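Engineer: Got a structure here, written out as structure tokens. Questions coming.
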Amino acid sequence: MKKRVLVVAAHPMLENSRVNRALLDAAALCTGVQVRDIYAQYPEQMIDVQQEQALVDEHDVLVFQHPLYWYSCPALLKSWFDTVLSYGWAYGESTSKLTGKAWVQAVSTGGSEGVYQRNGYNRFSLAELLRPFEQTARLCNMRYLQPFLTQAADTLSDAALHEQASSYAAWLDNLVAGDWPPDVDSLQAEEAQYLAPANGVEAS
Ligand SMILES: Cc1cc2nc3c(=O)[nH]c(=O)nc-3n(C[C@H](O)[C@H](O)[C@H](O)COP(=O)(O)O)c2cc1C
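Just so you know, the sequence shown maps onto residues 1455 to 1658 in the working numbering.
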């Protein structure tokens, strides 16, 4: 059975974005995928919690698409988590309304894969840095799936970005088809990495 996929996109300056805009344009063409640009939806940053919860209710997979900002997500997405994932709905008391749904992130980073390593410029792998999201998903009784990464985002050639946008569309199509990326439990991982380490370490 087809899965209903919601892309919650968060970029505070989409008009200046190159990567996330290209990915969002690709997502918008995918059948079975609903795109929600929360900065456009909430210019005053006042999130309508009931509306967001109703939307989440209708979907099986939540894709959080965002650039990495200071090793985390843009502020409005954090605010979305703080308000929408409320006590008694997302966690606590009885069972979570989110039980069995999938949480997956589509993250772009200025840094390359090589700088997100123990001996790299950023010291920690992305899997380690994304652990607060992983644990949030877990607390909400959701499946936390391997993210879709676009790294060295600021230096991607037009051709590479075009290819990445096509890969994103194919990745979203697979989510709709129920062909999901592996579940991640970084606590169990010997080395908290999603991807094979790159050869050598580059400066960002
Ligand atoms: C406020 C801010 C914080 C950022 N923090 C990080 C960071 O922690 N790690 C990183 O690799 N890139 C960081 N970057 C770079 C962005 O992630 C990168 O420019 C973005 O993913 C490119 O996507 P876009 O073209 O859609 O903006 C930051 C950029 C800004 C503006």
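For glycine and all other residues, C-beta sits at the position ideal for the given N, C-alpha and C.
Just so it is clear, the structure is predicted and the values come from calculations on it, not from any experiment.
Opposite Asp1491 in the DSSP bridges: which residues?
Structural biologist: What you label residue 1491 is simply residue 37 of the sequence shown in a count that begins at 1. Paired residues: Ala1463.
Engineer: Contact between the region 1595 to 1614 and the region 1624 to 1644 is defined here as three or more beta-carbon pairs at a separation below 8 Å; is this criterion met?
Structural biologist: Judged by Cβ distances under 8 Å, the region 1595 to 1614 makes contact with the region 1624 to 1644, as three or more pairs qualify.
Engineer: Check whether the Cβ of Leu1509 lies closer than 7 Å to any Cβ atom in chain B.
Structural biologist: Reference to chain B is not applicable here, since this structure consists of a single protein chain.
Engineer: Please tell me whether, using a cut-off of 6 Å, the distance from the CB of Ser1611 to the nearest non-hydrogen atom of ligand 1 is below it.
Structural biologist: Walking along the sequence shown from the start, residue 1611 turns up at place 157. Because no heavy atom of ligand 1 lies under 6 Å away, the Cβ of Ser1611 does not count as near it: no.
Engineer: Would you say Val1462 touches ligand 1, meaning its beta carbon is less than 6 Å from a heavy atom?
Structural biologist: On the sequence shown, position 8 is the one that residue 1462 refers to. It does not: the Cβ of Val1462 is nowhere closer than 6 Å to a heavy atom of ligand 1.
Engineer: Just reading off the alpha helix (DSSP H) that His1520 is part of, what are its end residues?
Structural biologist: The residue given as residue 1520 occupies position 66 in the sequence shown. It is not in any alpha helix (DSSP H) - His1520 instead sits in the beta strand (DSSP E) that spans Val1515 to Pro1521.
Engineer: Going by DSSP, what residue range makes up the alpha helix (DSSP H) through Phe1602?
Structural biologist: Residue numbering aside, residue 1602 sits at position 148 when the sequence shown is read from its first letter. From DSSP, Phe1602 is part of no alpha helix (DSSP H) but of the beta strand (DSSP E) over Phe1602 to Thr1604.
Engineer: Does the region 1502 to 1509 come close enough to the region 1622 to 1636 to have 3 or more Cβ pairs within less than 8 Å?
Structural biologist: No: the two stretches stay apart, fewer than three of their Cβ pairs being nearer than 8 Å.
Engineer: Let me know the alpha helix (DSSP H) ranges lying completely inside the region 1520 to 1551, each 4 residues or longer, listed in chain order.
Structural biologist: Runs found: 1529 to 1538.
Engineer: Below 6 Å, is the gap between the Cβ of Ser1562 and the nearest heavy atom of ligand 1?
Structural biologist: Residue 1562 sits at position 108 when you count from the first residue of the sequence shown. Ser1562 Cβ: within cutoff of ligand 1.
Engineer: Going by other Cβ atoms of all chains shown within 10 Å of its Cβ, with 16 needed for buried, is Gln1571 buried or exposed?
Structural biologist: Locating residue 1571 in the sequence shown gives position 117, where the first residue counts as 1. Gln1571 should be labelled buried.
Engineer: Once the 5 residues before and after Leu1641 are set aside, which same chain residues still bring their CB inside 8 Å of it?
Structural biologist: Walking along the sequence shown from the start, residue 1641 turns up at place 187. Taken in chain order, the list of residues that qualify is empty.
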